[in-house]
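Residue numbers (the numbering used here), protein chains in the order written: chain A, 968 to 1177; chain B, 968 to 1177; chain C, 968 to 1177; chain D, 968 to 1177. All residues carry an ideal CB built from backbone N, CA and C; glycine is no exception. Just below is one structure, and these are the notes that go with it.
Protein chains: 4
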Amino acid sequence: MSITESVSVTMAAMTPVKRQARAERTRAALLTAAREVFEERGFLDAKISEICERAGVAYGSFYTHFADKDAVFAELIDAMLAGLLAVMRAEPLNGDGPTARIASANRAYLRAYRKNARLMAVFEQVATFSPAMRETYLRAWGVFYDRQERAIREWQRAGLVPDDVEPRTAAVALATMIGRTAYTWYVLGRPHDDGDVEQLTRLYCRAIGM
Amino acid sequence: MSITESVSVTMAAMTPVKRQARAERTRAALLTAAREVFEERGFLDAKISEICERAGVAYGSFYTHFADKDAVFAELIDAMLAGLLAVMRAEPLNGDGPTARIASANRAYLRAYRKNARLMAVFEQVATFSPAMRETYLRAWGVFYDRQERAIREWQRAGLVPDDVEPRTAAVALATMIGRTAYTWYVLGRPHDDGDVEQLTRLYCRAIGM
Amino acid sequence: MSITESVSVTMAAMTPVKRQARAERTRAALLTAAREVFEERGFLDAKISEICERAGVAYGSFYTHFADKDAVFAELIDAMLAGLLAVMRAEPLNGDGPTARIASANRAYLRAYRKNARLMAVFEQVATFSPAMRETYLRAWGVFYDRQERAIREWQRAGLVPDDVEPRTAAVALATMIGRTAYTWYVLGRPHDDGDVEQLTRLYCRAIGM
Amino acid sequence: MSITESVSVTMAAMTPVKRQARAERTRAALLTAAREVFEERGFLDAKISEICERAGVAYGSFYTHFADKDAVFAELIDAMLAGLLAVMRAEPLNGDGPTARIASANRAYLRAYRKNARLMAVFEQVATFSPAMRETYLRAWGVFYDRQERAIREWQRAGLVPDDVEPRTAAVALATMIGRTAYTWYVLGRPHDDGDVEQLTRLYCRAIGM
DNA sequence: GATGAATGAGTATTCATTCAT
DNA sequence: AATGAATGAATACTCATTCAT
């Protein structure tokens, strides 16, 4: 081992940049490992020790990067929700008419949900006992409701949806229908097929009188 | 009562009855206390010791009547679900036309849900980490789906609902909409009013083309 | 069911004799069941509840007949030891010469031990942590030592055993050899055959210079 | 020490050593305390909490070093048996003739046993109810038997012991005599003196016809 | 930043024994 | 005598978090 190599392993000799880079790597490894462990065991049975083992990081190092178990989890959820939101935003809101837009929005949502189903399951779990996570949960649904509500109001303005539809209530109910059906399919494992996605869209459209 | 019968009801035979009475009282007290504690603290933070204290019963007596914490909980849930089912069955399925029936069924469901909202919340919680309770959860929803499906099929036969509605998929989606909206309102506390109930029914009816 | 039969089941009507007889039956059933349970589970894992179940007797009735778990056990051990002693005493101390006598005594002891091996195992177990049972244990060995010692002294008086054999020490050592070999064979399950019994006797005789 | 070596021993590399040292101290303190507590109370009444108190260590630290109560105990027993074996092996097998060798081997064994008598007592206890410890127990005796058997065979080859002595049976019986007499003396507390040791050896030698 | 040993609060469950009928 | 419900003491083990190097 040359002196240079040896020195590179010591702290004093590390340049700030290298130090940061190393920390970033550790942090990333912990996040990846944490997601795996949470998905496999759920929040309650996830152990910090296992996260560290998988990340190939010392036990105590976890707390160098995260305040506590809740903090890693929150970060994973935030990232996931941001990704979900990005997918939804990427979906062109205009296009071949409202029905097609609803269809493609639903498909996009369901696809994104399925990709994150295992973490979603844990999100639902934690939201049942953690006030902080319940906040996040409500906020996420709020965003979802808002999008539907905005769309419905537009359609009403365009005369595509009758006025006796109360936009907010309908938005909440239909977002719930879509969102919870995703849970039912991908988390609880209820069988379903592509035709069901179409049905879902048809129910959605008819429900608001389209 | 003949002499023979009367004589046969001596000591040995009578005592069990008395015993049962006392035991039944203890058991009932534990169940009541358990429901309270579960509702206040959730499943995870519910302590057997607190249940016993509230029931005015010695710690060990809990285990005279229930195998463990899961067992009391399961019994409470079973009772609650049986009650819910009874309410749903009590609802007359005939009457002033399908729309009115749907309306009254939804009202009945929401009313019953609200009355049990706090225990429902815990039910949802436990279903996220207990395989046994997930089973119960799926079974309960299954019953709910079945009822909707049966109704939709009847309406199709009567020509009230178009044939392009796939009864099972629609049943699952709409039961989910109603059921999860109840959770959203009564467990998560989202504001709502009586008009929202009407809207819900309207969305339901329109969705299946009624 | 006739009145007479019915009455016979009640306490008030039972004659003292019948009552005693019944109690005796219950007690006997408990003893039999207790032996089974102790033998199957060892003392520590033996449960009063299981003893009562097997005896077909109510839980609380156990304490009508025995002060506690230790008491039943003590009674079983006492009975077993009395039986063992009886076997040993039945063995004719005279006969075809000392060697033959030693041989038949050993055979008798080993046979009796084997028949009680499972309870013996529990006896050894309890003697390691119960002061009272250790007393019994020491007393039982004392009796065994005494018999050997007496025999050795007789043989010395008859000139069959040299005087440099210290009767007590030899008695303790050889009784230990025989007694613990029985444990090794029948409790620990070390393989052995009939030839080994002969060997044991030969070792015994030679050890004391016979 | 060269510069290279010195540099390579920086932080990361040095720390583990220090850690180990502290951990080793804690571990040793726990082992010492555990032995004390087991000896005073027996296995069943030994409490982890008391072990930790005596070791001056936090409760949880016990589990940093041992999987459970059984694990510390097993380690203590293994160490004790290794020590015993070492003593026996240290005993020169050659010397002033077989009788003197037997005498000194017996003396060595009894001395070593006495030093460990209190832990031996607990070993015997645990062997009666723990399958794992019974394994260890049988293995330990097996080693003891083997040594005697080997010696007897040698003596037979040398013409010092008659051929009608079956080496294995005699080894088992005589090892049992010596080993269990040690238990009787040092654990059960039966009175004895130095003359008894000689007697024991004389019985041993005569038994195999020496 | 990394390491990993130390900390200690927290709790369900068992079961011998008692006791009211 | 029999019954069986009521009692409550007793304890090993987990694991998130801290902290000294």
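Proximity test, Cβ basis, 7 Å: residue i and chain D
i	result
Phe1096 of chain C	yes
Asp1163 of chain C	yes
Gly1009 of chain C	yes
Gln1092 of chain C	yes
Within chain B, the residues that residue i reaches when beta carbons sit closer than 8 Å
i	result
Ala1174 of chain A	Leu1170, Tyr1171, Arg1173, Ala1174
Ala1137 of chain A	Gln1166, Leu1170
Thr1066 of chain A	Here the premise fails: no neighbours, minimum Cβ distance about 14 Å.
Partners in chain B for residue i, counting only beta-carbon separations shorter than 7 Å
i	result
Leu1167 of chain A	Ala1140
Leu1155 of chain A	Leu1105
C-beta atoms of residue i and residue j nearer than 7 Å
i	j	result
Leu1170 of chain A	Ala1140 of chain B	yes
Asp1160 of chain B	Thr1136 of chain A	no
Glu1107 of chain C	Leu1048 of chain C	According to the sequence shown, residue 1107 of chain C is Ala rather than Glu. Result yes, Cβ atoms of Ala1107 of chain C and Leu1048 of chain C sit closer than 7 Å.
Phe1010 of chain C	Cys1019 of chain C	no
Ile1175 of chain A	Val1128 of chain A	yes
Ala1075 of chain B	Glu1058 of chain B	yes
Cys1077 of chain C	Glu1006 of chain C	The amino acid at residue 1077 of chain C is misidentified as Cys; the sequence shows Leu. No, they are not a contact pair.
Arg1096 of chain B	Ala1142 of chain B	Residue identity differs from the one stated: residue 1096 of chain B is Phe in this sequence, not Arg. No, Cβ-Cβ distance for Phe1096 of chain B and Ala1142 of chain B is not below 7 Å.
Ala1079 of chain C	Leu1105 of chain C	no
Ala1013 of chain B	Val1004 of chain B	yes
DSSP-derived helix/strand/coil call for residue i
i	result
Leu997 of chain A	helix
Asp1012 of chain B	helix
Arg1157 of chain A	coil
Thr1148 of chain C	helix
Met1177 of chain D	coil
Glu1102 of chain D	helix
Ala1025 of chain C	coil
Asp1113 of chain B	helix
Pro1065 of chain B	helix
Asn1083 of chain D	coil
Gly1126 of chain D	coil
Val1132 of chain B	coil
Phe1090 of chain A	helix
Ser1097 of chain D	coil
Ala1049 of chain D	helix
Phe1033 of chain C	coil
Glu1007 of chain A	helix
Glu953 of chain A	There is no way to answer for residue 953 of chain A, as the model of chain A reaches only from 968 to 1177.
7 Å Cβ cut-off: residues of chain D touching residue i
i	result
Arg1147 of chain C	Thr1143, Arg1147
Contact list for residue i against chain D, beta-carbon separation under 8 Å
i	result
Glu1133 of chain C	Gly1162, Asp1163, Gln1166
Contacts of residue i in chain A (Cβ-Cβ under 8 Å)
i	result
Thr999 of chain B	In chain order: nothing, as chain A lies at least about 23 Å away.
7 Å Cβ cutoff, residue i in contact with chain A
i	result
Pro1158 of chain B	no
Within-7 Å CB hit, residue i to chain B
i	result
Met1177 of chain A	no
Contact test: residue i Cβ vs the ligand ZN heavy atom, cutoff 6 Å
i	result
Ala1142 of chain D	Among the ligands in the structure shown, none appear at all, so the ligand ZN cannot be discussed.
### Task
State whether the stretch 1029-1047 of chain A contacts the stretch 1114-1128 of chain A, with contact taken as three or more CB pairs (one from each stretch) at a distance under 8 Å.
no
#### Entry: Segment contact flag, the stretch 1131-1151 of chain C with the stretch 1076-1091 of chain C, C-beta cutoff 8 Å, min 3 pairs
yes
### Query
Do the stretch 996-1005 of chain D and the stretch 1016-1034 of chain D touch if we need at least three Cβ pairs shorter than 8 Å?
yes
### Query
Using 8 Å as the Cβ pair cut-off and three pairs as the minimum, do the stretch 1161-1169 of chain A and the stretch 1126-1140 of chain B touch?
yes
### Query
Okay, do the stretch 1030-1040 of chain B and the stretch 1107-1121 of chain B touch, 3+ Cβ pairs below 8 Å being the bar?
no
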